[in-house]
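Just so it is clear: in the sequence shown, position 55 is 146 by our numbering, and no numbers are missing. Ideal placement from N, C-alpha and C gives every residue a C-beta, glycine not left out. If you're wondering where the values come from, they're calculated on a predicted model, not measured in any experiment. Comments concern the structure below.
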Amino acid sequence: MAYNILILGASYGSLLASKLMFGGHNVTLVCLPAEADLINSEGFRVRMPVRGRKEQIEIDSRKLAGKVTAAGPADVNPADFDLIGLAMQEPQYRSPGVRELLDAVAKSGKPCMSIMNMPPLPYVRRIPGLNHDALKPAYTDPSVWGSFTPGNVTLCSPDPQAVRPPEEKVNVLQVTLPTNFKVARFDNESYNTILKKLAADVEAVRFDAPEGKIELPVKLKYHESIFVPLAKWAMLLAGNYRCITKDGMRTAQEAVHSNIDESRSVYNFVNDLCVKLGAAPTDLVPFEKYAAAAESLTRPASAARALNNGAPYIERADKLVQLIAKEKGLSHPVIDGIVDLVDRRLEANRAKAAA
Numbered sequence: 092m093a094y095n096i097l098i099l100g101a102s103y104g105s106l107l108a109s110k111l112m113f114g115g116h117n118v119t120l121v122c123l124p125a126e127a128d129l130i131n132s133e134g135f136r137v138r139m140p141v142r143g144r145k146e147q148i149e150i151d152s153r154k155l156a157g158k159v160t161a162a163g164p165a166d167v168n169p170a171d172f173d174l175i176g177l178a179m180q181e182p183q184y185r186s187p188g189v190r191e192l193l194d195a196v197a198k199s200g201k202p203c204m205s206i207m208n209m210p211p212l213p214y215v216r217r218i219p220g221l222n223h224d225a226l227k228p229a230y231t232d233p234s235v236w237g238s239f240t241p242g243n244v245t246l247c248s249p250d251p252q253a254v255r256p257p258e259e260k261v262n263v264l265q266v267t268l269p270t271n272f273k274v275a276r277f278d279n280e281s282y283n284t285i286l287k288k289l290a291a292d293v294e295a296v297r298f299d300a301p302e303g304k305i306e307l308p309v310k311l312k313y314h315e316s317i318f319v320p321l322a323k324w325a326m327l328l329a330g331n332y333r334c335i336t337k338d339g340m341r342t343a344q345e346a347v348h349s350n351i352d353e354s355r356s357v358y359n360f361v362n363d364l365c366v367k368l369g370a371a372p373t374d375l376v377p378f379e380k381y382a383a384a385a386e387s388l389t390r391p392a393s394a395a396r397a398l399n400n401g402a403p404y405i406e407r408a409d410k411l412v413q414l415i416a417k418e419k420g421l422s423h424p425v426i427d428g429i430v431d432l433v434d435r436r437l438e439a440n441r442a443k444a445a446a
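Rendered as structure tokens:
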């Protein structure tokens, strides 16, 4: 059975789309007009390294079994789709057009899978024992999530790293860290059937390379625990947000390895917090494994790049973790320092934009 899948966001979203289209599923990407025109005329390309192979492979969407269409927010009806993916940055969901589409997604009752670094507020509501209203200050505009039923929203940990090369057209995506998407179950078992089918189809993908059919990295892994995608939180706090400095930014590799003891302390604090929320230690990723992967992260994280480019709002997973820790009577001085620094950098960006 081929599913019709709607993905909001064509940049990072095209990576997930490429994997699903291999299995014959059809994808509609919601994006800006210039992106939509290019994707509709030329498709998209995803380049990724493959272990044991010198040359990267390039996935051309035009050669895949499934079809891709690109459209604007006003041109799609969520009711026409079997699954909806959220692949935009969290602040973008408050923008005109996208905001209305997101509300229509919520009211459609369709299963919704986020691949955002910032977990949607309805997904956080699935974590028991929290004062969820006290977490709203971490969101750019929490009201955009108001119409969702929490059980219809799941989180897919965006562990694979990818960038759009600045010298290329906007329909090209370069994968820099080809790890797996890890998706948690829905509350609805019929929706879980969709996830399991997609995961199996991605697992079965073989790419026609000159040397023959090869297995590709970046799988979609289904998990029964709703805490598995939260493994990304420790990575964000120990790496991504520590790319941000008062004077600019640094690479994720530098952020993690320039002070490995501090990185470990932050990382383990966040993992311990996830265990207090209900995660099993096996749901999470050990620091040593993350630190090894961070050796290859030779670019600043997207949050740092956005701040440096004057963004007035960015995803605030740093603040979300701080607020959750506060509810549990916990704090970490480095995390408090990160939140304060990002607050000040954003205030400066907003003041500059208003001047």
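1) Measuring alpha carbon to alpha carbon, tell me which residue in Leu129, Asp352, Leu99 is nearest Val167.
2) List the endpoints of the continuous beta strand (DSSP E) containing Cys122.
3) In chain order, what residues of the same chain lie with their CB nearer than 7 Å to the CB of Arg441, ignoring the 5 residues before and after it?
4) Take Ser151 and list the residues in its own chain whose beta-carbon comes closer than 7 Å to its own, dropping the five residues that flank it on each side.
5) In its own chain, which residues sit with a C-beta less than 6 Å from the C-beta of Lys419, not counting the 5 before and 5 after it?
6) Looking at Ala343 and Ala385, is the spacing between their C-beta atoms short of 8 Å?
7) Between the segment 257–275 and the segment 179–186, do at least 3 Cβ pairs fall closer than 8 Å?
8) In this structure, what does DSSP give as the bridge partners for Glu90?
9) Pull the bridge partners of Val167 from the DSSP assignment, please.
10) Please list the segments of the alpha helix (DSSP H) lying wholly inside the segment 325–405, counting only runs of 4 or more residues, in order along the chain.
11) Got a sec? Which residues, its chain only, sit under 6 Å from Arg142 by beta carbon, not counting five neighbours each side?
12) Ignoring anything shorter than 3 residues, give me the beta strand (DSSP E) runs that lie fully in the segment 227–267, in order along the chain.
13) Given that a residue counts as buried once 16 or more other Cβ atoms are within 10 Å of its Cβ, and exposed if not, what is Glu315?
14) With DSSP as the reference, label Arg185 as helix, strand or coil.
15) Buried or exposed: where does Ile351 fall if 16 or more other Cβ atoms within 10 Å of its Cβ makes it buried?
Working from what's here:
1) For the purposes of this step, residue 167 is taken as residue 76 along the sequence shown, with counting starting at 1. Minimum Cα distance to Val167 is reached at Leu99.
2) As a working note, residue 122 is residue 31 in the sequence shown. No beta strand (DSSP E) holds Cys122; DSSP gives it neither H nor E.
3) The residue you call residue 441 lines up with position 350 of the sequence shown. Pro403, listed in sequence order.
4) Numbered from its first residue, the sequence shown carries residue 151 at position 60. According to the sequence provided, residue 151 is Asp. The question's Ser does not apply to it. Within the same chain, Asp151 has close Cβ partners Gly134, Arg136.
5) The residue you call residue 419 lines up with position 328 of the sequence shown. Cβ within range, chain order: Lys367.
6) Locating residue 385 in the sequence shown gives position 294, counting from the first residue. Locating residue 343 in the sequence shown gives position 252, counting from the first residue. In contact: Ala385 and Ala343 (Cβ atoms closer than 8 Å).
7) no
8) Any question about residue 90 goes unanswered here, given that the chain covers just 92 to 446.
9) One-based indexing of the sequence shown puts residue 167 at position 76. DSSP output for Val167 lists no bridge partner at all.
10) 343–348, 351–368, 378–385, 393–399
11) In the sequence shown, counting from the first residue as 1, residue 142 sits at position 51. Within the same chain, Arg142 has no close Cβ partners at all.
12) 244–248, 252–254
13) Here residue 315 refers to the residue found at position 224 of the sequence shown. Glu315 is exposed by the Cβ-count criterion.
14) Looking up residue 185 in the sequence shown gives position 94. Arg185: helix per DSSP, three-state reduction.
15) If you number the sequence shown from 1, residue 351 lands on position 260. That one is exposed.
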